[in-house]
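Quick note: the sequence shown uses full-length UniProt numbering, first residue 1, plus one each step.
Here a beta-carbon is modelled for each residue, glycine too, at the ideal position from N, C-alpha and C.
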Amino acid sequence: MTTDDDPRPQPPPDPDPADCCGGGCVRCIYDVHEDALERYARALAAWRERHPEATDG
Numbered sequence: 001m002t003t004d005d006d007p008r009p010q011p012p013p014d015p016d017p018a019d020c021c022g023g024g025c026v027r028c029i030y031d032v033h034e035d036a037l038e039r040y041a042r043a044l045a046a047w048r049e050r051h052p053e054a055t056d057g
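Shown next as structure tokens:
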């Protein structure tokens, strides 16, 4: 499998500060972003196991 067939996962975009209403929401946009970062970290770790030859950069 090549990185062309299995591209490296990309991190989620940072939320725009204007997306947060500041109202103390139970599921704030920053909570959603944190969840996305955790999914990205797991996906990247799995990808690195499949592509040990890949380097950061």
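Same chain, Cβ closer than 8 angstroms to residue i, five either side skipped, listed in chain order
i          : result
residue 64 : It is not possible to answer for residue 64, since the shown part of the chain is limited to 1 through 57.
Beta-carbon spacing of residue i, residue j below 8 angstroms
i   : j   : result
P12 : H33 : yes
Y30 : C20 : yes
Neighbourhood of residue i by C-beta distance below 7 angstroms, restricted to the same chain and skipping five residues each side
i   : result
A36 : P12
C28 : C20
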